Each structure stands twice: as C-alpha cells, then as structure tokens.
Amino acid sequence: MNTQFKKGIVELCVLSLIKKKDMYGFEVIEILSKAIDVNENTVYPILRRLTSQNYFETYFQTTNQGAPRKYYRITNQGISIYADYIDEWYTFLKGVNYILGGNQNEK
Amino acid sequence: MKNDYLNELKEILENHGVTQSDIQDIMSDYNQMYDDGLDKQMSDDEIRELLGEPSHIYNDLKDTLSFIREKSKKHKFVALSPFIALIIFMSIGLTTQIWHPTWLIFMLIPISGVLSGKGRDTFIGLTPFIALISFFLISYYIGHYEFAWLVFLLTPITAAILHPKIRNIMFLLSLLLGIGFYLYMGIVRNQFQLGLLGFILPLMVAIINKQINIKWSFAKNEIMISGAVVFWIIAFLLMGLFLPNAWGYAWQVLLLIPISAIVLSGRFKWVTIMPFLATIIFFSTGYFFGLFYISWLAFLLIPITGILETQK
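Chains as they are written, first to last, in the numbering used here: chain A, 335 to 441; chain B, 2 to 313.
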C-alpha cells in the first residue's frame, strides 16, 4: 500500500483512539501495531505532529513506577478535524465500494 | 541496550542539527516508551522493532523539528562543492589530459555532504568514498583489482573499531581472518575464487550476533530490497569473475543497490538517486568510449534534478 496513503489512515486511527480516551505514546503504538500492519516509525511522529498542530495537548501523570508519563488528550480543534477526516474517509470508501462493486456499469 | 538505542537516536538528531529543546523532548518521550516496553516484559529486540530503527525515525520526524542555523556555513560549502570540483577537474584535465582518475575529484560532492554532519559516524560515512578513491588509485596505478576491492571493507572495519562492543570486535576479528584466508588462497595458492569462501565466517558471525538480522516475517518491500541487494552482489561477483577485465567497471553494479533500495522503499525522488546514476553515466561513457573529457557533464544532472524537484 502507498506509504503516504497509509500514513493518512494511521493518522485517522490515532485521532480516533485519542478521541475515545487519553493515552500515552507506547499505548497508542501497541494498540495500532496489534490491529494493523503499521510502520513502527510513523506512530510517534504522527503524535508529535498532531500535537504541534494543536489537535492534541499533553499532560503528565505519575505512574505506579514513579516516573511521570506523558498523556495525549484531544482538543476541540482535534475533534473538529477528526469529524472532517471521518467525512472524507466515508465519502472515499463509498466511492471505492461503488467502483469495486461495479455499480457504475448499471447506470 | 536501552542506552545504545537512545544514544543512537540522540546522535542522529544531533548530527542533523536539531535544536537541543527538540532533542530533549524526543529523548524523554522515547525513554518513557522504552521503559513502558520493559515494564510489559518485552525484550530489547521487541521494543526496538515496535519503536523503530533510530536511523529511520529521523526521516519521519523531520517535519516536526526545528534546526540550529549555525550549519549555514557548512551548507554553503556543500552547495559550492559541485562547482569547486568542476573547476579542479577541468583545470587538471585540460592541463594534463589525465581525465581518469582525475574525475575522482567529484567525490568531493558527497564527501562535503558527509562532512557537514557531526560525530564519529561522520568518519564512518567518509569511508565508502575513501575506499572508492583508494580502489581506483590502487587498481589504476598498481593494477590489481583482485586486491583493490578489499578497501571497501574499510567501512565495516571502521564502524567496528569506532563502536567497540564485544559483538563488533568478534565481527572485526572474523573479517580479518576472512581477509587473511582470501589473500593466502589468492597469493600462495593462486585461487582467489576459492579464497572468497573465507568471507562466510564474518557473514556467519554477523548473523549470529544479529548484526545481520534474519527475520521470518518480512514486509513485502523488505523482501524485495534484500533480494535486490543479494541479486546485485551476485551480479557484481559473476561479472568480475567471468567477464574479462570486468573488475574495472563491474563495481558500478553495486551502485544499483542504493538505487534499488530507494525505489523499493517508497521514498523515491530523482534527486536521491541522481548521484548514483550520474556516476554510472559519467564512468561508463568515459570508460567504454574514452569520453572522460565530456562525460563529466553527467554530474550536472544532480543540481538540475535538485532544482526541478524543489520547484515541484
């Protein structure tokens, strides 16, 4: 699968995960790598970019081990971009299903 | 292992002139993620696989980083190096008519790029060019390609010396034994081909030490890249061994390894493969048709492609 295309999908998945609940970096990487064939290098850079674009904010929370851990939380701006991406994604899927299903020949 | 991983990542970020605040931020995140992996009883190899190779991480992080501006002087030198090389090449070529091996001065271009980095890996980065230049000088003036190619082993030897860990020293010793065997078989027994078997030892050591990683599940492009590396090395050896006087030009086949890797990794840009293509065009037209006095124009393809691709 095209790398850029895949990165876009992973970005959508990252937004979706953090929208459901605040998470720390390793947690996101672990969940994603179990669910999809994700290029391991891409997840942290996506978290970092989405944070620099103000779609996420971070805060520290102490753990049982003692060291504070960085958590990612979605912002209002992030929720809004997520809604846009989801719209784009389903429109895209609809188009792909239309092509794959061969419905265009039935017109 | 954790420290090795983090130090490797830090060195790469520093070499690229990333600001200290960004480096500290990233190092603290990777430190935390590594600890999270250890807490989950994962092995160092598993964590490394999950977090990614430090050498690849930089590329994906690039657009989120800020850089130190002090590198601009070095960048000017890198930008000027094609013109400096061209002037030197033309001056020596026109006055002495020795176009080959004067063309090696064009190695100044990639060398200036490597020198703009920092740290001990800069020296390792220089070794392929030192090896290439030595290879040509030895084979041109002494005429022994069957020995001259050994200088390409300078890169792994330097890397092993500059990163003195037990597994690297083991690899270094096995490599030196391999070289010894090759030279013994070649010089004493006059059987260079058989001598190549000596290099099975360092190969095995590298596999056992996991310096060469054998995985049983590969991504599709990893299989293709590994296949391409093996294919071009075999092609190089077959050409050298079976075609008459082929060692002098067969080395160009090895330049197809980085080209294949770039194309198959999905990071293709003309500007990244053009230095290799330009070298092949330059050398082939010069070597086979005696056109070294004009074939240097091939190197102008590098800045031209750079400008065209940047405009896009």
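Virtual Cβ for every residue (Gly too), placed ideally from N, Cα, C.
If you're wondering where the values come from, they're calculated on a predicted model, not measured in any experiment.
{"query": "What runs of the beta strand (DSSP E), each 3 residues or longer, lie entirely inside the region 187-262 of chain B?", "result": "none"}
{"query": "Do the region 77-93 of chain B and the region 266-283 of chain B make contact, defined as three or more Cβ pairs closer than 8 Å?", "result": "no"}
{"query": "May I have the straight-line CA-CA distance separating G435/A from Y424/A, to the nearest angstrom?", "result": "16 Å"}
{"query": "Which runs of the alpha helix (DSSP H) at least 4 residues long sit entirely within the region 104-158 of chain B? Give them in chain order.", "result": "109-116, 121-142, 146-149"}
{"query": "To which residues does DSSP link E457/A through a beta bridge?", "result": "Residue 457/A lies beyond the residue range present for chain A, which begins at 335 and ends at 441; the question has no answer from this structure."}
{"query": "Over what stretch of residues does the alpha helix (DSSP H) that includes F277/B continue unbroken?", "result": "271-290"}
{"query": "Whose Cβ in chain A lies nearer than 8 Å to the Cβ of Q33/B?", "result": "Y358, G359, F360, A401, R403, K404"}
{"query": "Using the beta-carbon count (16 or more within 10 Å), is Q21/B buried or exposed?", "result": "exposed"}
{"query": "In terms of DSSP beta bridges, what is M357/A paired with?", "result": "Y406/A"}
{"query": "Determine the chain A residues that contact L95/B at a beta-carbon separation under 8 Å, and present them in chain order.", "result": "Those do not exist, as L95/B stays about 46 Å from chain A at its closest Cβ, beyond 8 Å."}
{"query": "Y393/A CB to nearest chain B CB: under 8 Å?", "result": "no"}
{"query": "With a threshold of 8 Å on Cβ separation, who are the neighbours of Y288/B within its own chain once the five nearest residues in sequence on each side are excluded?", "result": "H101, G249, Y250"}
{"query": "Once you ignore the five residues that flank M225/B on each side, which residues in its own chain have a CB closer than 6 Å to its CB?", "result": "L265"}
{"query": "Do L381/A and V362/A have their C-beta atoms closer together than 8 Å?", "result": "yes"}
{"query": "Residues of chain A with CB closer than 8 Å to the CB of G38/B, please, in chain order.", "result": "F360"}
{"query": "Just checking, does the region 28-44 of chain B make contact with the region 412-427 of chain A on the three C-beta pairs under 8 Å criterion?", "result": "no"}
{"query": "Decide if the region 167-182 of chain B is in contact with the region 129-146 of chain B; the criterion is three or more beta carbon pairs, one per stretch, under 8 Å apart.", "result": "no"}
{"query": "Please list the partners that T65/B has in chain A, where partner means a Cβ-to-Cβ separation under 9 Å.", "result": "P379, R382, R383, T385, S386"}
{"query": "Anyone know if the C-beta pair for T159/B and T128/B falls short of 8 Å?", "result": "yes"}
{"query": "Can you tell which of L51/B, A262/B, I112/B, H17/B has its C-alpha closest to the C-alpha of G228/B?", "result": "A262/B"}
{"query": "Cβ of S350/A less than 8 Å from any chain B Cβ?", "result": "no"}
{"query": "How long is the line joining the alpha carbons of F130/B and L116/B, rounded to whole angstroms?", "result": "12 Å"}
{"query": "If we ignore side chains and look at the alpha-carbon of each, how far apart do I180/B and E391/A end up?", "result": "56 Å"}
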